[in-house]
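K.L.:
Per the numbering used here, the sequence shown starts with residue 3, numbered consecutively. Built from N, CA and C at the ideal position, the CB exists for glycine as well. The model shown is predicted, which means the values in this text are computed figures rather than measured ones.
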Amino acid sequence: MSTSIMLKNRKAAYDRVQIRKWILVAVTNFKSRAGVTIHHIRKFLDAKRNGLSTKPETQLILKRLLDSGYLLKKEGKYIRSRKKPRSFAKKQRSASKRAIRNNYKNKYGLKKGKRINTRKFSKSRHLNPFKA
Numbered sequence: 003m004s005t006s007i008m009l010k011n012r013k014a015a016y017d018r019v020q021i022r023k024w025i026l027v028a029v030t031n032f033k034s035r036a037g038v039t040i041h042h043i044r045k046f047l048d049a050k051r052n053g054l055s056t057k058p059e060t061q062l063i064l065k066r067l068l069d070s071g072y073l074l075k076k077e078g079k080y081i082r083s084r085k086k087p088r089s090f091a092k093k094q095r096s097a098s099k100r101a102i103r104n105n106y107k108n109k110y111g112l113k114k115g116k117r118i119n120t121r122k123f124s125k126s127r128h129l130n131p132f133k134a
């Protein structure tokens with residue numbers, strides 16, 4: 003029973019990804035620089051799979067593409083954004099630098115807001131960088 007639920011969830015996620023890709027393809031493949039109307043996007047989706055444009059998921063995906071910056075709305079038409087959308091997720095540092103920083107904080111009791119120069123400290127882990 004649980005495997006069938008997992009397969010349904012996986013298929014639904016795959017469908018959403020496909021719809022998202024098809025919307026982006028519909029907007030980029032159109033020759034006019036003025037943009038693409040919602041009617042053109044719906045025709046493109048229905049050509050791919052019948053009844054796909056009437057699903058509520060397509061409107062939600064289109065709205066998310068607008069919010070994330072992949073698409074722009076200009077005079078009622080959709081155009082592809084020229085610049086890449088920014089990722090607001092923090093970039094993860096390498097584990098070794100983070101381990102060095104945490105080790106130093108635990109060892110010397112660093113206060114919040116103070117920066118550490120990890121270059122000096124990574125070369126000689128057992129020495130205090132401020133004693134030199």
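1. In this structure, does DSSP put R51 in helix, strand or coil?
2. Distance check for L64 and R22, CA to CA, integer angstroms please.
3. Go through its chain and collect everything with a Cβ distance to E59's Cβ below 7 Å, but skip five positions before and after it.
4. Take the Cβ of A28 as the centre, count every other Cβ of all protein chains shown within 10 Å, and call the residue buried at 16 or more, exposed below.
5. Select from G37, S34, I25 and Y72 the residue whose C-alpha is nearest the C-alpha of K50.
6. For the beta strand (DSSP E) holding K85, just list the boundary residues, first then last.
7. Compute the distance between the beta-carbons of A14 and K79, then report whether it is under 8 Å.
8. Between S55 and R84, what straight-line distance do the alpha-carbon atoms span, to the nearest angstrom?
9. Could you pull out every residue in the same chain whose Cβ sits closer than 6 Å to the Cβ of L74, ignoring the five residues on either side in sequence?
10. Less than 8 Å between the C-beta atoms of H41 and F32, yes or no?
P.N.:
By the coordinates alone:
1. In the structure shown, R51 sits in coil (DSSP, three-state: anything other than H, G, I, E or B).
2. Those two C-alpha atoms are separated by around 8 Å.
3. Cβ neighbours of E59 beyond the five flanking positions: R18 and I21.
4. Burial call: buried.
5. Between K50 and the set G37, S34, I25 and Y72, the nearest pair of CA atoms involves I25.
6. Segment: none, K85 is in no beta strand (DSSP E) and carries neither H nor E.
7. Annotated as distal: A14 and K79, with beta-carbon spacing of 8 Å or more.
8. The alpha-carbon atoms of S55 and R84 are separated by roughly 26 Å.
9. Once the five neighbours on either side are set aside, the close Cβ partners of L74 are I81 and S83.
10. Not a contact, by the Cβ cut-off of 8 Å.
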